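**Student:**
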Amino acid sequence: AAIRSAVFTGSGACGEFSYLEDGIPIRPAGFCNVNNLFEINTEQAAAIEVWRGPASAVLGGNALHGAINVRTAMPQGSSVALEGGPYDYYRVRAATSLGEEGNRLGISFVSTTSDGYREDTGYDTQKFSLRHDGALGDWETTTRFTGALLNQETGGFVRGFEAYDDGDLRDTNPNPEAYRDAYALRLSSEMRRDAWSVTPYLRHSDMTFLQHFLPGQPLEENSQTSGGVLAQYQLAATHYDLSIGGHLEYMQGDLREFQAGPTVGSAFLVATRPPGLHYDYDVSSVMAAAFYNLSVPRGERTQLIHSLRIEHLAYDYDNNHIVGNTQDDGTPCGFGGCLYTRPASREDDFTNVAARFGFETQTGLGTLYGVISSGFRPPQVTELYRLRGGQTVADLDSEELLSLEIGLRGENINVALFRETTDNLLLRDADAFNVSDGETESYGIELDGRVTRGAHTLSLSGSYAIHEYAFDRAADGRETITDGNAIDTAPRLLLNARWATRLTDSVTSELELNTVGRHYINAANTAKYDGHTVLNWRGQWQVRESAEVFVRVVNLLDERYADRADFAFGGYRYFPAMPRQLYVGINLNW
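In structure tokens, the structure reads:
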């Protein structure tokens, strides 16, 4: 993901965005996963909200660059959709609702399976959402129970300059042994009465995956069980609107990393990455936050807005293995020590404050607004306790972001200018130590627009932004970061254009163009990816009121490009994108 930012990978990548479901973060503070979106039923969501820029003053930690909030749907009637495509792709979606207004149960389910375009990259995933709207005494309630299951064969990087364009390489998988198995469950109940809103919730997630990208390919197992309550009280007066609230959360998590066999490679790799148990720890955390959101009218057209949140996060880490960077039997490694370092049991805590100040005023063109806001991201569990290179203590600070934004929101056009600076950027230095002394700067413009003429609608959404490092540092992987370098994997241009046409009363067509601009793919700015432009098409035929046939063609012109490009260990590597694909489906509803 990228929201006014680079696409973050590697150390410090996790926790840059907050992923929420109905306003509740899907993971506990500090126990993020960079692939969190697979845990949410986006396929059947009522809406997907994207917060651009720091949202910590409203949503809390990890909403450093922005947030994605998926809202659970209450199905209207019943529906079943079947879809098929290439590489044995099949998807079924079903939804129904029972009961009546004031006591209704909604059930949604989606299952997808595919053999994958590349060798040994098949997957199966199932997601469900249960929603009940009812009452408990004088309280209106919305209770949600959601879950996701993933069984995935993972594809590794294809190596070599522009290997994504090589017909003999692009559908291969150098790591057929790699896999990921994971599931997640979440339960929440939002209770509302008068000005009060109280939402208790429970969560559990479990993941096992082979770290095929590391020499020795250790197996990681992690899980977390957490719960909390979010409460809010709304005050409305003639001269202001004020909401105040609190958020309390507890988490119990664990992580274990085990390497079954010896490392293959140079004498250094073999000696410093031994088989056996690398990490084994438990960690509990408590997060407590207080916040308020204030709106003050100033005349008939203008209002001032202000938000403030103070959040405290405390970790209690217990190491279940030998302290230090020895082998799991206590013997030392050659070449100065093992790569994997286990700190002694300890406690850490972080207190952060985020604020937002702004104005909104109504004009003939729309709402003109300006806002200055801050965001924070506390160090994550793995950054503090899964150390390397002999680092015994990770003395890290919370990442902080300051943003200035000016924009116009209209009925058919939205424009935003922004500038952001990030302090305490977390990275791994040349000694493989986790440090938090980096800085970045970003500035750019975003545009969304739509024009309708008769049966045709043209839509444009894009951004042009510059993202740069603002410090000098010798980093891990023999890279040198220089002040003014572009942040790797940060395209300046991102563009989406759509042309929708109603051909008849029952047939619609949409042509879509996606552009990812040229960008550097390493921090030293010595390697580039040229970017790509891809054309897609979608069509719908409303056969009758209760039946719809839909078709989509992805990569209509069969372009060869990379979903992700990277430069590491002295060479180019890519995730090749899929060639042209045709999907056909039918949706029945009643």
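Heads up, the sequence shown is in this note's numbering, so the first residue is 984 and it goes up one at a time.
The beta-carbon is built from N, C-alpha and C at its ideal position, and this holds for glycine as well.
Just so it is clear, the structure is predicted and the values come from calculations on it, not from any experiment.
1. Tell me where the beta strand (DSSP E) around glutamate 1366 begins and ends.
2. Quick test of the definition: if touching needs 3 or more C-beta pairs under 8 angstroms, does the region 1411-1426 touch the region 1447-1465?
3. Report all residues from its chain with a CB closer than 7 angstroms to the CB of aspartate 1541; omit the five preceding and five following residues, and keep chain order.
4. So what does DSSP say about alanine 1548, is it helix, strand or coil?
5. If we ignore side chains and look at the alpha-carbon of each, how far apart do lysine 1511 and phenylalanine 1144 end up?
6. Count the other CB atoms within 10 Å of the CB of asparagine 1335; is the residue buried (16 or more) or exposed (fewer)?
7. What does DSSP give as the partner residues of phenylalanine 1192 in its beta bridges?
8. What first and last residue would you give for the alpha helix (DSSP H) that runs through phenylalanine 1251?
9. Leaving aside the five residues before and after arginine 1360 along the sequence, list all residues of the same chain whose C-beta is less than 7 angstroms from its C-beta, in chain order.
10. If you pair each beta-carbon of the region 1007-1019 with each one of the region 1184-1198, do three or more pairs fall below 8 angstroms?
11. Determine the direct distance from the alpha carbon of isoleucine 1227 to that of glutamate 1083, and round the result to whole angstroms.
12. What is the rounded straight-line gap between the Cα of glycine 1210 and the Cα of serine 1172?
13. Can you list, in chain order, the residues of its chain whose CB lies under 6 angstroms from that of phenylalanine 1340, leaving out five sequence neighbours each side?
14. State whether the region 1061-1075 contacts the region 1311-1330, with contact taken as three or more CB pairs (one from each stretch) at a distance under 8 angstroms.
15. Runs of 3 residues minimum, wholly inside the region 1081-1110: which ones carry the beta strand (DSSP E) assignment?
16. Just mark alanine 1327 as buried or exposed, buried being the case when its beta carbon has 16 or more other beta carbons within 10 Å.
17. Suppose you measure from the CA of glycine 993 to the CA of glycine 1347; what does that come to, to the nearest Å?
18. For proline 1474, collect the residues of the same chain with a Cβ closer than 6 angstroms to its Cβ; drop the 5 residues on either side in sequence, then sort them by chain order.
19. Suppose the cutoff is 6 angstroms on Cβ atoms and the five residues either side in sequence are ignored; what does the same chain contact list for asparagine 1570 look like?
20. Since I believe glycine 1068 is in contact with leucine 1565 (beta carbons under 8 angstroms), could you give me their beta-carbon distance rounded to a whole number of angstroms?
21. Residue ranges of each beta strand (DSSP E) run of no fewer than 3 residues wholly in the region 1363-1443, ordered along the chain?
22. So which of Tyr1275, Leu1238 and Arg1485 has the shortest CA-CA distance to alanine 1438?
23. State whether the region 1125-1141 contacts the region 1152-1171, with contact taken as three or more CB pairs (one from each stretch) at a distance under 8 angstroms.
24. Pick helix, strand or coil for aspartate 1311, following the three-state DSSP scheme.
25. Kindly provide the ranges of any beta strand (DSSP E) runs that are 3 or more residues long and lie completely inside the region 1286-1361, ordered along the chain.
26. Report the partner residues of serine 1267 according to the DSSP bridge assignment.
27. Cβ of tyrosine 1147 within 8 angstroms of Cβ of tyrosine 1426?
28. Quick one: using the 10 Å Cβ neighbour count with 16 as the cut-off for buried, is valine 1434 buried or exposed?
29. Per DSSP, which one or two residues make a beta bridge with leucine 1213?
30. Is the Cβ-Cβ distance between glutamate 1366 and leucine 1385 less than 8 angstroms?
31. With a threshold of 16 other CB atoms inside 10 Å of the CB of isoleucine 1031, please say whether the residue is buried or exposed.
32. Given 8 angstroms as the limit, is there contact between the region 1010-1029 and the region 1243-1263, that is, 3 or more CB pairs closer than that?
**Tutor:** If we stick to the structure as given:
1. Note, glutamate 1366: premise wrong, no beta strand (DSSP E); alpha helix (DSSP H) at 1364-1368.
2. yes
3. Pro1562 and Arg1563
4. strand
5. 10 angstroms
6. buried
7. Arg1163 and Glu1203
8. 1250-1255
9. Gly998, Glu999, Gly1044, Asn1045, Leu1047, Ser1381 and Glu1382
10. yes
11. 33 angstroms
12. 12 angstroms
13. His1289 and Ile1355
14. no
15. 1086-1097
16. exposed
17. 46 angstroms
18. Val1499, Gly1500 and His1502
19. Ala1064 and Glu1531
20. 7 angstroms
21. 1382-1392, 1396-1411 and 1417-1436
22. Arg1485
23. yes
24. coil
25. 1329-1346 and 1349-1360
26. Gln1235 and Asp1299
27. no
28. exposed
29. Thr1182 and His1230
30. no
31. exposed
32. no
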